[in-house]
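In the numbering used here, the protein residues as written are 4 to 287.
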């Protein structure tokens, strides 16, 4: 059987998300059929029961309100932020607003550190490397943000959100009496800021420049991005390299993918991969 690595692309398969809030917040439309309305009401009831089971019965309406205001957790590949980000969201839902605020700021700094320390050896020939190669950690957000931006690791919109979060961090960490009264507002703003960072920089779906767009329900990495340090270290561990005829045979207890097909030994473009994949989807 031919290996034909040049015909294959990395398919994103592992990610984290939480969209339960939609069952609570999405309105029931008048034009829906009665059967659809009942299904939506049942989904809402089950979601509310699940929240009570997860967060406890005491002050359940307040917790529900907090959960709705957080909005959906963005689809994110599995990396070094997921576990702590979930803990932050739990803290906010439970009403621990100041701990959530401080944790968001800490996690933002932790993400910046992870990215700089993980990727800096790939940028030894840049002026920025001289400023970061000796350190084991960074508390200077401006240095980390500007370095990652200069290396074109973080997207422009992500840089903007990191700068906003940096300002929130300074206000949260340094003593301000008003924080006693607006901790919830500050925490919610910071969490939403971090969600935009995660949803853009670590997204499992979207219009990020490294994604092949145009295959219904599936996301692949562009060929030209496979050697990019950020993609190879953060994204590819969440992917499987497959040909255009690949088939997912099971999702539980783990993802099983069948790609035992013979492919030609030739280089194809991303556009050609799209067409071959869509043809395979139609056949299946």
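Here a beta-carbon is modelled for each residue, glycine too, at the ideal position from N, C-alpha and C.
Review point. Counting Cβ pairs, one atom from each stretch, are 3 or more of them under 8 Å apart for the region 129 to 140 and the region 71 to 87?
Key: no
Check your understanding: Which term fits residue 4, buried or exposed, when burial requires 16 or more other beta carbons within 10 angstroms of its beta carbon?
Key -> With a pLDDT of only 40 at residue 4, under the threshold of 50, the placement of this residue in the model should not be trusted, and no figure is reported.
Practice item. Rank 160, 23 and 98 by C-alpha distance to the C-alpha of residue 204 and give the top, closest one. Key: Selected option, being the one with the closest Cα: 160.
**Study point:** Stretch-stretch touch, CB-based, cutoff 8 Å, three pairs: the region 117 to 132 with the region 93 to 103
**Key:** Too few Cβ pairs lie closer than 8 Å, so no.
Exercise for review: Please report how far the alpha carbon of residue 270 lies from the alpha carbon of residue 276, in whole angstroms.
Suggested key: 10 Å
Review point. If we ignore side chains and look at the alpha-carbon of each, how far apart do residue 220 and residue 178 end up?
Key: 48 Å
**Study point:** Within the region 55 to 121, ranges of the alpha helix (DSSP H) (whole runs, at least 4 residues)
**Key:** For the region 55 to 121, whole alpha helix (DSSP H) runs of length 4 or above, ordered along the chain, are 63 to 73 and 85 to 96.
Review point. How would you call residue 241, buried or exposed, if buried means at least 16 neighbouring beta carbons within 10 angstroms?
Key: buried
Practice item. Could you check the C-alpha separation between residue 263 and residue 162 for me, to the nearest Å? Key: 42 Å
Review point. Looking at the unbroken alpha helix (DSSP H) that takes in residue 245, where does it start and where does it end?
Key: Looking at the DSSP string, residue 245 is not in any alpha helix (DSSP H); the run it does join, the beta strand (DSSP E), is 242 to 245.
Review point. Who are the Cβ neighbours of residue 244 in its own chain at under 8 Å, not counting the five residues just before and after it?
Key: Contacts found: 8, 11, 12, 13 and 14.
Exercise for review: Keeping to the same chain, check which residues put their C-beta closer than 6 Å to that of residue 101; ignore five residues upstream and five downstream.
Suggested key: 186
**Study point:** 6 Å CB neighbourhood of residue 214 in its chain, flanking five on each side removed
**Key:** 222
**Study point:** Residue closest to residue 106, alpha-carbon to alpha-carbon, out of 122, 139 and 192
**Key:** 192
Check your understanding: How far does the beta strand (DSSP E) with residue 250 in it reach, from first residue to last?
Key -> 250 to 253
Review point. Would you call the region 245 to 253 and the region 33 to 42 in contact, with 3 or more CB pairs under 8 Å?
Key: no
**Study point:** Nearest to residue 216 (by Cα), restricted to the options 280, 238 and 246
**Key:** 280
Exercise for review: For residue 285, collect the residues of the same chain with a Cβ closer than 8 Å to its Cβ; drop the 5 residues on either side in sequence, then sort them by chain order.
Suggested key: Taking residue 285 as the centre and dropping the five residues before and after it, the same chain places no C-beta closer than 8 Å to its C-beta.
Point to revise | Nearest-angstrom Cβ-Cβ length linking residue 111 and residue 168, presumed shorter than 8 Å | key: 5 Å
Review point. Does the beta-carbon of residue 155 have 16 or more other beta-carbons within 10 angstroms, so that it is buried, or is it exposed?
Key: Exposed, by the Cβ-count rule.
Review point. Among 239, 232, 230 and 218, which residue has its Cα nearest to the Cα of residue 273?
Key: 218
Point to revise | Coil, strand or helix - residue 203 by DSSP | key: helix
**Study point:** Rounded C-alpha distance that separates residue 87 from residue 197
**Key:** 12 Å
Check your understanding: What do you reckon, are the CB atoms on residue 235 and residue 227 nearer than 8 Å?
Key -> no
Point to revise | Where residue 13 sits in the DSSP three-state scheme | key: strand
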